[in-house]
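To start, the structure under review is shown below, and the notes come after it.
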Amino acid sequence: MNDRPLFEYTLGLADDALVSAQRMGWWISRAPELEEDVAMANIGLDQVGQARSLLTYAGELEGEGRTEDDLAYLRDDREFRNVKLVERPMTDFGVAMARLLMFSTYQLHLYRALSAGSDATLSGIAAKAVKEVAYHVDHATHWVLRLGDGTDESHTRMQAALDAEWPYVDELFGSRAPSLAGRVVDPAELRDPALTDVRRVVGEATLTVPEVPTALGGGRQGLHTEHLGFLLAEMQHLHRSHPGATW
Amino acid sequence: MSTRDWPLWEVFVRARRGLSHVHSGSLHAPDAEMALRNARDLYTRRGEGVSIWVVRASDIEASTPDERDPFFDPAADKIYRHPTFYEVPEGVEHL
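Residue numbers (our numbering), protein chains in the order written: chain A, 55 to 301; chain B, -3 to 91.
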């Protein structure tokens, strides 16, 4: 099978999940409480699971015999197709929850639509992921509400987090390749329903949707921030140093 | 975020329909809704449950080890409280 446009599309979904998972994993031992360590690790592992299925399928679509591990561990940053939203450092808990709210809400709409789509493999992967992602939305929503509508300090920091992440939301809703029309979900069509959901939470949390310019996209074309290289170095070094290592 | 403000919650999980909720452990959470979610992540990761209760630990009134003797010992020598104490008379069918 060699289906380049669908390969690129699937790789985009896979890399979003994989890179986001790596950032979530950073929080293990660093979250405000042990319970939150576990919650964030669980969410990250759900995303790894989605990434694995999607990467395996991408490898089949490419038709060059690359496995999920080849794609995860042996590509350089210019070959990754994730959006910039998920690759930037995420060392503030408010930022982590703001980003998770945006990303998981997008994923929820995407996977719901894909699960009813015509591609049987994507539909199967999406149907499993919908329940996982619904929980991620729930988790992020509860934290954004508590921090936004909490103390003066938590409100200020949550608003700052929202301001920092908002410029990167737009890239999630970039249109799929024209040749894929009718075959896959067009993220551009998810923009209004997904952002309506996010805005509802933001409003309920007494926060304001910021008026900020959209950041430069390009992630789907392999143009990334400098941060992705460092993330991949950490994620890939074991596999690259010890090819085929298992435990 | 001050962790001192997060109270302790006791978690009760029902393994499946028809069984009772059984105490599974405890956790910290800022409020009941988050306690439920933390309990889901900590105690039902491997499909252990279909229902969760969380109770603020401070809301539980528990018997103390000091009270053990007056609380429980008096029951020990009252063997007539057990059904096996009584002999069933011959010929009684519906007892």
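Built from N, CA and C at the ideal position, the CB exists for glycine as well. Being a predicted model, the structure only gives us computed values, none of them experimental.
Within 10 Å of its beta-carbon, does residue i have 16 or more other beta-carbons around it, so buried, or fewer, so exposed?
| i | result |
| --- | --- |
| B:Leu15 | exposed |
| B:Glu57 | exposed |
| A:Ser295 | exposed |
| A:Trp301 | exposed |
| A:Leu168 | buried |
| B:Glu86 | exposed |
| B:Glu83 | exposed |
| A:Ala126 | buried |
| A:Arg77 | buried |
| B:Arg77 | exposed |
| A:Ile97 | buried |
| A:Phe61 | buried |
| A:Phe147 | buried |
| A:Glu219 | buried |
| A:Ala235 | exposed |
| A:Glu89 | buried |
| A:Thr159 | buried |
Hey, could you find the ends of the alpha helix (DSSP H) residue i is sitting in?
| i | result |
| --- | --- |
| A:Gly228 | First-last for A:Gly228: undefined, no H or E at that position. |
| A:His209 | Asp206 to Glu219 |
| A:Gly66 | Arg58 to Gly79 |
| A:His54 | Because chain A spans 55 through 301 in this model, residue 54 of chain A falls outside it and cannot be assessed. |
| A:Leu285 | His281 to Ser295 |
| A:Leu199 | Ala174 to Gly202 |
| A:Glu122 | Glu122 to Tyr127 |
| B:Arg52 | That residue, B:Arg52, is in no alpha helix (DSSP H); its beta strand (DSSP E) goes Ser47 to Arg52. |
| B:Pro66 | Arg64 to Phe68 |
Nearest to residue i by alpha carbon, out of the options?
| i | options | result |
| --- | --- | --- |
| A:Asp246 | A:Ala231, A:Glu265 and A:Val223 | A:Val223 |
| B:Ile48 | B:His90, B:Pro3 and B:Val7 | B:Val7 |
| A:Arg135 | A:Phe284, A:Pro297 and A:Gly271 | A:Gly271 |
| A:Ser83 | A:Gln76, A:Ala95, A:Ala75 and A:Glu62 | A:Ala95 |
| A:Ala170 | A:Glu265, A:Val239 and A:Pro143 | A:Val239 |
| A:Thr145 | A:Gly117, A:Glu118 and A:His281 | A:His281 |
| A:Ala188 | A:Ala174, A:Leu162 and A:Asp173 | A:Leu162 |
| A:Leu277 | A:Pro241, A:Asp123 and A:Glu141 | A:Glu141 |
| A:Thr262 | A:Ser177, A:Asp131 and A:His209 | A:His209 |
| B:Pro3 | B:Val50, B:Glu63 and B:Thr40 | B:Val50 |
| A:His190 | A:Leu128, A:Glu122, A:Thr64 and A:Ala93 | A:Ala93 |
| A:Ala299 | A:Glu243, A:Leu139 and A:Asp124 | A:Asp124 |
| A:Thr175 | A:Arg237, A:Thr159, A:Leu216 and A:Thr250 | A:Arg237 |
| A:Pro264 | A:Ala214, A:Gly273, A:Pro86 and A:Asp192 | A:Ala214 |
| B:His17 | B:Thr40, B:Asp27 and B:Asp65 | B:Thr40 |
| A:Asp216 | A:Thr250, A:Pro59, A:Ala150 and A:Ala248 | Asp is not the amino acid found at residue 216 of chain A; the sequence shown has Leu there. Among A:Thr250, A:Pro59, A:Ala150 and A:Ala248, the Cα nearest to that of A:Leu216 belongs to A:Ala150. |
Taking residue i as part of the beta strand (DSSP E), name the residues at either end of that continuous run.
| i | result |
| --- | --- |
| A:Val92 | Unbroken run through A:Val92 is the alpha helix (DSSP H), Leu88 to Glu116; no beta strand (DSSP E). |
| B:Arg33 | Unbroken run through B:Arg33 is the alpha helix (DSSP H), Ala28 to Tyr39; no beta strand (DSSP E). |
| B:Ser20 | His17 to His24 |
| B:Leu4 | Leu4 to Arg10 |
| A:Val256 | First-last for A:Val256: Arg245 to Glu258, but that is the alpha helix (DSSP H), not the beta strand (DSSP E). |
Residues, ordered as in the chain, of the segment 90 to 101 of chain A that lie near chain B by beta-carbon distance below 7 Å:
Correct list: Val92, Ala93 and Asn96.
Using a Cβ-Cβ cut-off of less than 8 Å, list which residues of the segment 194 to 215 of chain A approach chain B; keep chain order.
His196, Arg200 and Ser208
Under 8 Å, with one C-beta from each stretch per pair, do the segment 7 to 14 of chain B and the segment 289 to 299 of chain A reach the 3-pair mark?
Counting Cβ pairs under 8 Å, fewer than three are found: no touch.
Three-pair Cβ contact test at 8 Å for the segment 179 to 189 of chain A versus the segment 201 to 219 of chain A:
no
Touch test, the segment 187 to 200 of chain A against the segment 139 to 158 of chain A, Cβ-Cβ under 8 Å, three pairs minimum:
yes
Quick one: any contact between the segment 45 to 54 of chain B and the segment 70 to 82 of chain B, if contact means 3 or more CB pairs under 8 Å?
By the Cβ test, the segment 45 to 54 of chain B is not in contact with the segment 70 to 82 of chain B, since fewer than three Cβ pairs between them sit closer than 8 Å.
Would you check if there are 3 or more beta carbon pairs closer than 8 Å linking the segment 62 to 75 of chain A to the segment 102 to 109 of chain A?
yes
Which of the residues in the segment 0 to 24 of chain B, read from start to end, lie with their CB under 7 Å from any CB of chain A?
Trp2, Leu23 and His24
If you measure beta-carbon to beta-carbon, which residues of the segment 58 to 90 of chain A are closer than 7 Å to chain B?
Pro86, Glu87 and Glu89
Would the segment 256 to 265 of chain A and the segment 109 to 120 of chain A be scored as touching if the rule is three or more Cβ pairs under 8 Å?
no
Against chain A: residues of the segment 34 to 45 of chain B by CB proximity under 7 Å
Asn34, Asp37 and Leu38
Name, going along the chain, the residues of the segment 51 to 77 of chain B whose beta-carbon falls closer than 8 Å to a beta-carbon of chain A.
For the segment 51 to 77 of chain B, there are no residues whose beta carbon sits under 8 Å from a beta carbon of chain A.
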